[in-house]
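In our numbering, the protein residues as written are 34 to 299.
Glycine included, each C-beta is placed from N, C-alpha and C at the ideal position.
Scroll down for the structure; my scribbles are underneath it.
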């Protein structure tokens, strides 16, 4: 059933691309041609979008599994389970899709260490969504070769897709080290992870660059990273709250419907 849904969704996505390509080929001279696409064709392309990946609620909550290190595990979040847990709690509260989020993140782990456990987690949990969010700083400290990091992330995505799960790759929330001694190396790893994820070229792999988004948020609000950090490596409770809120917003319209509200029960 999950494979059939995936094939239908991918076929629809290809159809949307075909509509856009066919229509855009109709006129190459803007000065003497009609509008690029008739409204009916534009509407068809919009309706054929593969997003959101989960468009309608089901009888049971959608099972989402998270993997990452100590930050994804929720270290120093005094009132919640970390930014991943907070994001999926917020999505469930907003509706219409409900989630059961299972956090398999392990303190001190990077993707190369997780490789030995990852397949077992997939078999044990049977997630419908896999959220991959590595903190990067352990790999920097351990001097993990970039090629090994990239290969491990690529394998995680490939295995999740083979298990018929949608994938969300989330870059980490920044910490003090992101502005200090690990600034260049972390930014490079973030860019590498995004590039690896986007190479899959499928709508079933969503990439959320939370790292740079949160940096822009702090700059726009003229706030310091110290306000959101427990130490150089971990966000504090406020940092997890902000990261979780931004991530939930990013997933509305891509993973779940945008701007929807759960019907009141009373």
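A contact is defined here as three or more CB-CB pairs under 8 Å, and the region 114 to 123 fails this definition with respect to the region 143 to 151. Residue 128 and residue 188 have their C-alpha atoms spaced approximately 31 Å apart. If you draw a 10 Å sphere on the C-beta of residue 276, you find 16 or more other C-beta atoms in it, and that means buried.
Taking one beta carbon from each stretch, the region 94 to 112 and the region 247 to 255 have fewer than 3 pairs nearer than 8 Å; the two do not touch.
Closest by C-alpha distance to residue 227, out of 235, 218 and 240, is 240. Where residue 199 is concerned, the enclosing beta strand (DSSP E) starts and stops at 199 to 203. About 11 Å separates the Cβ atoms of residue 124 and residue 291, ruling out a contact at the 8 Å cut-off. Within the model, the alpha-carbon separation for residue 138 versus residue 108 is close to 11 Å.
Boundaries of the alpha helix (DSSP H) around residue 103: 103 to 106.
For residue 98, the beta-bridge partners assigned by DSSP are 135 and 163. At a Cβ-Cβ threshold of 7 Å, residue 208 and residue 177 do not count as neighbours. Distance from the CA of residue 231 to the CA of residue 133, rounded to the nearest whole angstrom, comes to 26 Å. DSSP places residue 262 within a strand segment (E or B) once states are collapsed to three.
For residue 118, the enclosing alpha helix (DSSP H) covers residues 116 to 127. Straight across, the Cα-Cα distance linking residue 196 with residue 157 is about 11 Å. For the 7 Å CB-CB criterion, residue 171 and residue 102 form a contact.
Counting only residues of its own chain and dropping the five nearest sequence neighbours on each side, residue 194 has a CB closer than 7 Å to the CB of 200 and 237. Beyond the five residues adjoining it in sequence on each side, residue 120 comes within less than 6 Å, by CB distance, of 277, 280 and 281 in the same chain, given in chain order. Along the region 177 to 264, the alpha helix (DSSP H) occurs as fully enclosed runs of 4 or more residues at 179 to 195, 216 to 231 and 243 to 253, listed in sequence order. DSSP lists no beta-bridge partner residue for residue 83. In terms of Cβ geometry, residue 268 and residue 206 form a close pair [threshold 7 Å].
DSSP lists 289 as the beta-bridge partner residues of residue 285. Within the same chain, Cβ atoms closer than 7 Å to the Cβ of residue 272 are found at 206, 261 and 262, the five residues on either side in sequence being excluded. The three-state secondary structure of residue 268, taken from DSSP, is strand. When DSSP states are grouped into helix, strand and coil, residue 148 belongs to the helix group.
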